[in-house]
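To keep things clear, I will list the structure first and then write my remarks on it.
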Ligand SMILES: NC(=O)c1ccc[n+]([C@@H]2O[C@H](COP(=O)([O-])OP(=O)(O)OC[C@H]3O[C@@H](n4cnc5c(N)ncnc54)[C@H](OP(=O)(O)O)[C@@H]3O)[C@@H](O)[C@H]2O)c1
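Residue numbers (my numbering): 239 to 526.
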């Protein structure tokens, strides 16, 4: 059984709490809100719109006591960058592993997370792009930019009008993946910059689109979350991954992408060998 605490009960945190509560192998043990929140002292079920849970929401002012009393293995954080960093110091000191879905960290803020995981030897999974599908988009964008390195790349992201950071952490990460792909193809130019257009409008949960445009053709890779449940499913996989781990991780580790690509290459190698053995018999192979 994995004991989980949820920190940040906004639009995303509430959705994740509901999905966590449905799992057989997970026990939600505590829930954290901001110091002045009207959620403080209320039952988690009341706030998420489900039946009573017996979990009383507590303020981040009492973080140490909450952790000491409820002993979570993993915390899932969807709050704000300031709150996430402040709370991560306490979680790390108390050797609790953390999934950080919160976005909008400064470069120095991200470095601090890395330092925390190294210093306290807990696990921090930094997942500004927790949706499983968006991680597949990043992988595809990386591979496409390696192969089509002379094409123009353009990212567009659309989110609801209440989203605070723009461009999204995911769009920035997609840009990094494209830059990595172009560099891996041998283009070592210093000033590769992938333009990002951010749109904040209506109630769009989240859409990311990569356009890859050449002189004669165009490829589009796009991902859209239909509901916040897409975030919850990614968070769930990250929680299961983080239990018992030590170190600083990203969603590519959670999804084991190195193995996926390794398996792909291995299969390609064996089908390459097969191609020759199917068409040529032993004698013909010896002659060649
Ligand atoms: N990784 C991804 O794929 C992904 C997906 C969606 C969203 N996000 C990110 O996740 C974060 C939250 O998004 P959202 O849409 O859920 O925003 P939101 O609705 O504004 O929720 C943020 C919540 O954090 C709580 N909070 C503030 N200070 C806190 C503290 N000290 N301790 C605990 N909770 C605190 C606030 O609630 P109270 O004041 O009531 O406690 C608020 O409800 C954002 O950074 C967003 O960009 C990431």
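In this text, a Cβ means the ideal position worked out from N, Cα and C, and glycines have one as well.
{"Check": "DSSP state of residue 446 mapped onto helix, strand, coil", "Outcome": "strand"}
{"Check": "Any 3 or more C-beta pairs closer than 8 Å across the segment 300 to 310 and the segment 330 to 348", "Outcome": "yes"}
{"Check": "With 16 other Cβ atoms within 10 Å as the buried cut-off, status of residue 487", "Outcome": "buried"}
{"Check": "Buried versus exposed call for residue 351 [16 or more other C-beta atoms within 10 Å across all chains shown]", "Outcome": "buried"}
{"Check": "Nearest-angstrom Cβ-Cβ length linking residue 257 and residue 467, presumed shorter than 8 Å", "Outcome": "7 Å"}
{"Check": "Expected contact under 8 Å - CB spacing of residue 489 and residue 367 to nearest Å", "Outcome": "6 Å"}
{"Check": "Residue 510 classed as buried or exposed, judged by whether at least 16 other C-beta atoms fall within 10 angstroms", "Outcome": "exposed"}
{"Check": "Cβ distance (whole Å) where residue 436 is taken to contact residue 409 below 8 Å", "Outcome": "7 Å"}
{"Check": "Boundaries of the alpha helix (DSSP H) in which residue 258 is found, first to last residue", "Outcome": "249 to 259"}
{"Check": "Alpha-carbon to alpha-carbon, residue 245 and residue 359", "Outcome": "21 Å"}
{"Check": "Simplified DSSP assignment, three categories, for residue 246", "Outcome": "coil"}
{"Check": "Proximity test, residue 276 beta-carbon vs ligand 1 heavy atom, cut-off 8 Å", "Outcome": "yes"}
{"Check": "Residue 248: CB within 8 Å of a non-hydrogen atom of ligand 1", "Outcome": "yes"}
{"Check": "For residue 397: DSSP bridge partner residues", "Outcome": "438"}
{"Check": "Any non-hydrogen atom of ligand 1 closer than 8 Å to residue 365 Cβ", "Outcome": "yes"}
{"Check": "Status (buried if at least 16 other CB within 10 Å, exposed otherwise) for residue 499", "Outcome": "exposed"}
{"Check": "Contact the segment 369 to 377 vs the segment 394 to 401: 3+ CB pairs below 8 Å", "Outcome": "no"}
{"Check": "Test item: CB-CB of residue 480 and residue 322 under 9 Å", "Outcome": "no"}
{"Check": "Cβ neighbours of residue 263 in the same chain (closer than 8 Å, five flanking residues each side left out)", "Outcome": "239, 240, 478"}
{"Check": "Status (buried if at least 16 other CB within 10 Å, exposed otherwise) for residue 311", "Outcome": "buried"}
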